[in-house]
Amino acid sequence: MDPLIVTQAINVLYAVSTLAVLALGLAVIFGLLGVLNIAHGEFVMIGAYCAYLIQSWEWPYLVALPLALAICGVIGWAVEWIMIRPLYRRPFDTLVATWGLSLLLRKIAEGIFGLGFRSVAIPLPGTVDFLGTEYPIYRLVLIAISLALVAGLVIWYGSSRTGSRIRAMVSNPELAQAQGISVRQLAAGTFVAGTCLAGLGGVMIAPLAPVQPFMGLDYVLRAFFVLIVGGLGSVLGLFSGAAVIGGFDSVISAATTTTDGYFAVLVLAILFLWLRPRGIIAHS
Amino acid sequence: MRTASLVVLVAILLPLGLGQFWAYQLGVYALYATAAVGLGLCWGQGGFLPLGQALFFGLAAYLSGLAFIALRGVPAIAMVVMPFIAIVSGVLAYAIGFVVFRRPGESGAYFSMITLALSLLAFQIATSWNSVTGGFNGLKGIPGLPGLDDISDVYYVSVAALLAVLALAGWLFNAPIGVLWRALAQNERRLQLFGYDTNQLKSVAFGVSGLMAGIGGVIYAPQQAIVTPQVVGFGLSADLVIWVAVGGRRSLLGPVVGTLLVGSLTSQLRDSLPFWEVLMAVFFIAIVLAFPQGVAGLAEPLARLLRGQRVRPPILAAKNPTDKPPTRLTLDGVGVRIGEVTILDRLSLDFDQAGIFCVIGPNGAGKTSMFNVVSGELATASGRIGLGETCVNGLAPHRVTRLGVGRKLQIPSVFPGLTIADNLAIALWSGRAARLQLLDPRLRRWTSPVLEELKGRYSFLVSDARKAAELSHGEQQILELAMALLTEPRILLLDEPCAGLSPDETSAVIDLIRWAARRLGGATIVIEHDMSLVKELAELVYVLHNGTLLAKGSVAAVQADPAVRAVYVGGEK
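In order, the protein sequences belong to chains S and E. Per numbering that gives the first Met the number 0, the first sequence starts with residue 0, numbered consecutively. Per numbering that gives the first Met the number 0, the second sequence starts with residue 0, numbered consecutively.
See below:
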């Protein structure tokens with residue numbers, strides 16, 4: 000096979016699988032709790048800064064994972080308790096509140112790290128021979144982790160007791176409560192899981208992205224577009240949304256400019272709002 | 000009026016007391032405040048939040064800057080162009096609203112996110128399109144407005160623009176369209192069922208807000224002599240949201256107060272207090288969670304004092320154009336499916352005469368779905384729904400209502416945060432007020448013979464300054480029924496109008512339905528479970544079962560029908 004095509008194909012696969020992971024946390028919270036967490040991108044940012052800190056302390060890169068999970072988990076838990084729980088019946092206000100949260104987290108990051116870009120070195124440098132072409136190891140590892148993460152989560156959700164409790168909560172919170180399921184704890188757990196997934200995504204992409212306080216905005220919008228295109232409620236939808244958005248963006252950005260790529264993705268998302276309001280994979 | 004003159008007086012005297020530096024600062028923030036007033040209109044009145052409002056301010060600023068540069072020798076022409084640029088911003092906002100709000104079931108989140116994305120896109124374009132926008136460093140060397148040398152002159156221009164925007168907003172808030180915007184934020188479905196195109200109402204609100212931001216933007220460019228990508232991007236968009244929230248989104252002056260207060264404090268404290276902006280973000284979250292009225296909420300008692308109450312005589316409403324003889328409603332083999340489930344199965348019904356008809360049937364028989372399909376809220380898979388000669392399949396709910404279908408929902412559905420008078424007025428305008436009339440505040444004094452008779456029957460409808468939320472459940476049922484009657488529909492659909500009422504209230508509603516059926520002279524179709532009520536009301540009973548018509552006849556005939564008995568008593572399903 001033509002090595003160039005292989006490289007391009009892996010590039011697209013890389014863009015799609017990381018985008019799917021970055022959208023996963025947003026999809027979990029929006030799909031299961033009906034809360035659109037605009038601060039999702041800022042949790043990605045926190046994960047990325049964790050990776051930066053760990054590297055600047057010269058600790059092993061993997062330590063960034065528990066650090067990011069801990070920080071995003073604690074913040075997510077506090078946020079759910081203070082901001083989200085009082086507003087479950089006012090979804091629009093949760094949107095506004097999480098928007099305020101995104102501002103807050105951004106300003107805190109700005110206060111601590113300043114506005115400048117920080118770069119994170121790739122923990123697994125070097126390339127590997129893959130189907131007749133040299134490809135960066137780290138990206139291949141990321142693709143594998145992303146796929147494993149999504150698959151693992153889906154299998155867990157489908158087969159574990161907690162997964163079935165969450166499904167019960169989503170379809171009928173009152174009845175679930177009456178069955179002895181603590182809906183409050185379960186919702187809090189779901190929210191925390193979403194923020195932790197974002198932090199995880201941040202650690203993963205930190206070496207390949209400029210780390211700075213405003214980085215989250217871009218991710219939350221992209222993740223949101225993935226949800227618009229893919230629809231809520233299925234893994235197939237998540238991946239097809241990520242494929243359409245990620246693929247479109249990387250192809251057009253490569254052919255013209257990143258601004259054009261961004262514009263194309265935005266227009267595409269609006270078209271989907273019109274033509275397929277429930278996404279590619281419509282779910283009843 | 001008194002508030003208005005007070006505001007103007009303060010605006011004129013302010014620079015005299017504060018000096019040149021503050022006059023300059025306040026002049027800039029007055030321009031931002033025009034955008035904030037528009038944002039308040041969307042968020043505080045219409046209930047949807049654009050997160051990228053700087054887009055319209057910045058677009059107008061760039062266009063105005065380019066116009067002033069291109070027309071350097073002839074500033075008079077540039078000034079003529081200015082209003083058109085502001086209108087461009089407004090039209091763009093309207094178009095964006097029109098596109099995004101078309102999404103069925105749009106909950107607000109999608110709109111907010113897309114406006115945010117648009118603002119980021121505009122920022123990217125502004126920084127990367129060097130040849131036109133001057134790139135990251137901005138569009139420089141914009142000539143100033145001719146004849147304005149002094150800083151206080153510039154201040155007065157900005158403040159005049161702000162006052163003009165405030166006057167426009169104040170007028171709109173007070174006009175019927177303002178009432179409809181507030182109603183929209185509370186109960187969009189009910190508004191559609193009164194025949195209003197809610198997408199259009201939201202788009203117009205967003206368009207007006209774009210125009211307001213545009214007015215600020217066109218003056219900003221010649222005033223500042225430079226336009227940088229910041230005025231179009233996320234930063235200013237975010238600031239506007241904070242200013243509006245802190246000032247109070249629901250009040251007219253709140254966004255202005257917020258902008259001037261927080262804006263000027265920020266410009267002072269940003270550098271000396273390192274975590275000032277973190278503090279503002281915390282403050283913002285606290286306001287969203289606990290204090291949606293903002294600073295303006297504190298001033299509410301004072302505002303009430305200044306407002307003054309004047310009672311004005313009512314005006315007779317325009318004739319209802321659908322004021323024609325009763326129409327026939329026919330359902331011909333109507334099928335509705337949701338996923339794998341058949342909701343209506345080739346249902347055929349014919350209401351061809353005036354009178355009261357009851358629809359009964361066990362739970363899940365498709366009664367409410369039948370109403371939904373007639374109202375245009377549920378799509379048909381097959382069959383035809385006719386209103387007279389018109390086929391209404393596939394028409395949007397507000398269009399069906401305009402053809403003369405009134406509806407009372409099962410759970411009382413009114414506009415809880417609006418006064419009783421506004422609730423009634425919304426029903427009265429339905430189908431009667433032409434589009435432009437929605438700008439005429441005198442319509443809020445409309446009345447009609449039916450309304451006067453209703454007020455004669457139910458005294459609580461007269462106490463019109465009370466909010467609908469303060470009414471009891473029974474009173475809300477009657478209010479919604481009264482609203483449905485005010486549209487003077489030719490077909491009236493009532494879904495369990497007596498549910499949850501006391502015996503006294505029930506007999507009051509029964510009286511009202513009988514009166515309405517006579518008064519309107521059309522077909523009144525009532526879904527009812529209580530057979531004693533059915534006996535009292537119905538001239539003819541339709542029994543639905545599994546989405547299709549099981550039996551039709553007088554109460555006695557239906558009760559004697561073995562098929563109906565089988566369905567109700569149990570037996571074969």
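In this text, a Cβ means the ideal position worked out from N, Cα and C, and glycines have one as well.
Contacts of residue i in chain S (Cβ-Cβ under 9 Å)
i, result
"G574(E)", "Shown here, chain E extends from 0 to 572; a query on residue 574(E) therefore has no answer."
"F233(E)", "F213 and L216"
Chain-ordered neighbours of residue i on chain E, where CB pairs are closer than 8 Å
i, result
"P85(S)", "L288"
"A253(S)", "None at all; the shortest Cβ gap to chain E is about 16 Å."
"D35(S)", "The residue asked about is misnamed: residue 35(S) is Leu in this sequence, not Asp. Simply A108 and M112."
Residues that residue i contacts on chain E, provided the C-beta gap is smaller than 9 Å
i, result
"I70(S)", "Simply none; closest approach about 17 Å."
"G110(S)", "P273, F274, E276 and V277"
Chain S contact residues for residue i, given Cβ-Cβ distances below 7 Å
i, result
"L417(E)", "Those within 7 Å of L417(E) in chain S number zero; the least Cβ separation is about 18 Å."
"E276(E)", "K106"
"A237(E)", "L102"
"A573(E)", "Because chain E in this structure spans residues 0 to 572, residue 573(E) falls outside the shown range and cannot be described."
Cβ of residue i within 8 Å of any chain S Cβ
i, result
"I124(E)", "yes"
"F283(E)", "yes"
"I509(E)", "no"
"A116(E)", "yes"
"I410(E)", "no"
"F205(E)", "no"
"L48(E)", "yes"
"I342(E)", "no"
"I113(E)", "yes"
Selection from the options that minimises the alpha carbon distance to residue i
i, options, result
"G382(E)", "R336(E), Q267(E) and R102(E)", "R336(E)"
"K551(E)", "P82(E), G216(E), G360(E) and L50(E)", "G360(E)"
"L469(E)", "K454(E), T418(E) and F110(E)", "According to the sequence shown, residue 469(E) is Glu rather than Leu. Residue T418(E) is the option with its Cα nearest to E469(E)."
"K366(E)", "G213(E), R248(E) and G546(E)", "G546(E)"
"P573(E)", "R249(E), A316(E), L288(E) and T326(E)", "As displayed, chain E neither begins before 0 nor continues past 572, which places residue 573(E) out of reach and without an answer."
"L427(E)", "R434(E), R443(E) and L435(E)", "R443(E)"
"T389(E)", "G338(E), I355(E) and L328(E)", "L328(E)"
"G46(E)", "S111(E), A77(E) and V6(E)", "S111(E)"
"V210(S)", "R275(S), G113(S), F238(S) and G30(S)", "G113(S)"
Beta-carbon neighbours of residue i, restricted to chain S and to distances below 8 Å
i, result
"Y109(E)", "I227 and L272"
"S127(E)", "T256 and T258"
"V99(E)", "I269 and L272"
"R383(E)", "Chain S residues near R383(E): none, gap ~25 Å exceeds 8 Å."
Test: residue i CB closer than 8 Å to a CB of chain E
i, result
"L216(S)", "yes"
"L237(S)", "no"
"S283(S)", "Because S283(S) carries a pLDDT of 40, less than 50, the predicted location of this residue cannot be relied on, and no value is offered for it."
"V169(S)", "no"
"F91(S)", "yes"
"M44(S)", "no"
"A304(S)", "This structure cannot settle anything about residue 304(S), because the visible part of chain S is limited to 0 through 283."
"M203(S)", "no"
"F190(S)", "no"
"F223(S)", "yes"
"L220(S)", "yes"
Outcome for residue i when other beta-carbon atoms lying within 10 angstroms are tallied against a minimum of 16
i, result
"S236(E)", "buried"
"V79(E)", "exposed"
"I45(S)", "buried"
"T505(E)", "buried"
"V413(E)", "buried"
"I95(E)", "buried"
"G18(E)", "exposed"
"I141(E)", "buried"
"F190(S)", "buried"
"S55(S)", "exposed"
Residue i: contacting residues in chain E (beta-carbon distance under 7 Å)
i, result
"Y261(S)", "L120 and Q123"
"L23(S)", "In chain order: nothing, as chain E lies at least about 18 Å away."
**Segments assigned alpha helix (DSSP H), at least 4 residues, entirely inside the stretch 479-557 of chain E** = 502-519 and 530-536
**Message:** Please give the ranges of any alpha helix (DSSP H) in the stretch 176-233 of chain S, keeping only runs that are unbroken, at least 4 residues long and fully inside the region.
**Reply:** 182-204 and 214-229
**Message:** Ignoring anything shorter than 3 residues, give me the beta strand (DSSP E) runs that lie fully in the stretch 120-179 of chain S, in order along the chain.
**Reply:** 126-129 and 132-135
**Prompt:** In the stretch 81-146 of chain E, which residue ranges form an unbroken alpha helix (DSSP H) of at least 4 residues, counting only runs that do not cross its ends?
**Reply:** 108-127 and 129-132
**Message:** My parser needs the alpha helix (DSSP H) runs of 4 or more residues fully inside the stretch 6-56 of chain S; what are they?
**Reply:** 39-55
**Message:** For a minimum of 4 consecutive residues, which ranges assigned as the alpha helix (DSSP H) are wholly contained in the stretch 192-269 of chain E?
**Reply:** 197-223 and 233-246
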